[in-house]
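Participant:
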Ligand SMILES: Nc1ncnc2c1ncn2[C@@H]1O[C@H](COP(=O)(O)OP(=O)(O)OP(=O)(O)O)[C@@H](O)[C@H]1O
Ligand SMILES: [Mg+2]
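Rendered as structure tokens:
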């Protein structure tokens with residue numbers, strides 16, 4: 152049997168990627184022209200995949216520009232961050248590991264890094280500092296890409312995924328100021344910062360009182376358009392000896408409201424259940440399977456919110472807009488007007504709902520289907 156043409160759960164930058172031409176072109180142009188860029192979107196719309204895709208293209212064409220992608224997901228402290236930053240910059244600066252050792256010595260003045268190379272140098276290169284010294288001289292690390300750039304006549308593009316994680320470090324406020332002040336002066340280095348906690352990212356970059364305000368161009372990544380999904384889905388079926396017509400493919404995108412991860416997941420389940428040609432029957436079965444697979448997650452979601460918050464969600468799915476009107480507050484038992492505004496803020500901050508054209512919606516389309524079934528007894532299956 153052929154492998155599924157639909158992929159979810161990891162970044163997709165090559166074969167399962169629908170061309171986000173416009174966004175990719177904008178990001179590529181920004182990064183090559185020295186414009187720091189911040190990418191913000193709800194979870195799993197495709198930020199990491201887009202960055203990977205653009206960086207791969209840049210790597211192919213631009214020999215004088217070195218690129219680095221660092222995922223801060225598991226990084227827990229400033230020291231760890233600085234060591235990782237230094238290591239990855241040094242690795243990116245040359246394809247030869249012998250040069251990494253030289254760089255490690257040559258490009259620091261006060262800091263003395265401890266370097267070691269394992270049997271497989273490409274994957275086993277480590278660098279560490281004396282933490283006290285590092286704390287005093289962190290600017291040497293933060294300026295490392297600029298220093299190397301000048302000496303070697305190269306430029307850097309540095310992408311930091313899950314950037315909001317930095318705000319959980321001890322002493323974050325100082326670090327934030329330092330990062331901003333060194334990074335904004337660098338001429339040979341461009342930064343791309345993105346992360347999955349939308350609320351925290353917005354707080355870092357959109358708050359006029361914070362150091363990173365106006366650090367760069369903020370890209371609000373849109374969803375992938377329906378017509379691109381239709382082309383992507385029908386081609387995926389065709390390439391693997393199955394078929395689906397455009398109307399049916401459109402239903403897959405429509406049910407998942409064009410949410411990147413979920414469209415791929417539903418397309419995958421549908422593809423898997425299809426022998427020759429996909430129809431509504433396969434989609435319905437696939438949808439049931441998808442909701443079933445995600446149910447523990449959704450249950451967890453509702454167990455973690457209060458009853459008035461749950462009621463607020465019910466009002467949202469019913470399309471209410473005047474949450475503090477007496478009628479709506481009564482019908483849904485939303486509590487006091489204070490409860491309403493607190494709950495609204497909390498549900499937005501945790502990315503359960505967001506405002507689109509003045510109307511509140513669930514961020515997660517499959518969670519909404521599950522929620523409607525669970526609490527309003529509305530079926531999600533199609534006729
Ligand atoms: N351009 C694309 N074409 C097709 N599918 C995509 C595309 N971008 C993302 N996806 C789908 O969405 C999933 C999530 O993508 P990705 O991890 O890049 O999103 P993210 O915004 O970085 O997520 P998170 O907010 O969790 O970090 C992928 O596994 C893939 O299934
Ligand atoms: Mg991501």
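Residue numbers (the numbering used here): 152 to 534. Where is the CB? At the ideal position from N, CA and C, for every residue including glycine. Just so it is clear, the structure is predicted and the values come from calculations on it, not from any experiment.
1) What number of angstroms, rounded off, separates the C-alpha of residue 356 from the C-alpha of residue 394?
2) In the DSSP assignment, find the unbroken beta strand (DSSP E) run with residue 502 in it and report its ends.
3) Between the Cα of residue 482 and the Cα atoms of 216, 467, 331, which residue gives the shortest distance?
4) Going by the DSSP bridge assignment, what does residue 512 pair with across the sheet?
5) Straight-line CA distance for residue 324 to residue 185?
6) When the distance is taken between beta carbons, is residue 491 closer than 7 Å to residue 474?
7) According to the neighbour-count rule (16 or more other Cβ atoms, all chains shown, within 10 Å of its Cβ), is residue 204 buried or exposed?
8) Report the residue ranges of all alpha helix (DSSP H) runs contained in full by the segment 254-292; include only those spanning at least 4 residues, in chain order.
9) Nearest-angstrom Cα distance between residue 229 and residue 235?
10) Given this structure, state the Cα-to-Cα distance separating residue 509 from residue 471, to the nearest angstrom.
11) When you measure from the CB of residue 422 to every non-hydrogen atom of ligand 1, does any distance come out below 6 Å?
12) With H, G and I counted as helix, E and B as strand and the rest as coil, what does DSSP make of residue 393?
13) Should residue 398 be labelled buried (16 or more other beta-carbon atoms within 10 Å of its own) or exposed?
14) If you run the structure through DSSP and keep just helix, strand and coil, what is residue 154?
15) Given residue 392, which residues of its chain have a CB within under 8 Å of its CB, disregarding the five upstream and five downstream residues?
16) Take residue 297 and list the residues in its own chain whose beta-carbon comes closer than 6 Å to its own, dropping the five residues that flank it on each side.
17) In three-state DSSP terms, what is residue 456?
18) Counting only the same chain and skipping the five closest in sequence on each side, list residues whose C-beta sits under 8 Å from that of residue 252.
19) Compare the C-alpha of residue 199 against each of 164, 217, 212, 171 and name the closest.
20) Cα-Cα, which of 361, 247, 175 is closest to residue 274?
Facilitator: Walking through what the data contain:
1) Going by C-alpha positions, residue 356 is about 45 Å away from residue 394.
2) Premise fails: residue 502 is in no beta strand (DSSP E) and is neither H nor E.
3) Out of 216, 467, 331, 467 has the C-alpha closest to the C-alpha of residue 482.
4) Note: residue 512 sits in a beta bridge opposite 505.
5) The alpha-carbon atoms of residue 324 and residue 185 are separated by roughly 26 Å.
6) With contacts defined by Cβ atoms closer than 7 Å, residue 474 and residue 491 form a contacting pair.
7) Classification for residue 204: buried.
8) If you keep only unbroken alpha helix (DSSP H) runs of at least 4 residues inside the segment 254-292, you get 282-287.
9) The alpha-carbon separation between residue 229 and residue 235 amounts to approximately 10 Å.
10) About 11 Å.
11) Residue 422 Cβ: outside cutoff for every heavy atom of ligand 1.
12) The answer is coil: DSSP assigns residue 393 none of H, G, I, E or B.
13) Around the beta carbon of residue 398, fewer than 16 other beta carbons sit within 10 angstroms, so the residue counts as exposed.
14) Residue 154 falls in the coil class under three-state DSSP.
15) 153, listed in sequence order.
16) Once the five neighbours on either side are set aside, the close Cβ partners of residue 297 are 337, 339, 340.
17) Correct three-state label for residue 456: coil.
18) Cβ within range, chain order: 266, 268.
19) Selected option, being the one with the closest Cα: 164.
20) When each option's Cα is compared against that of residue 274, the closest is 247.
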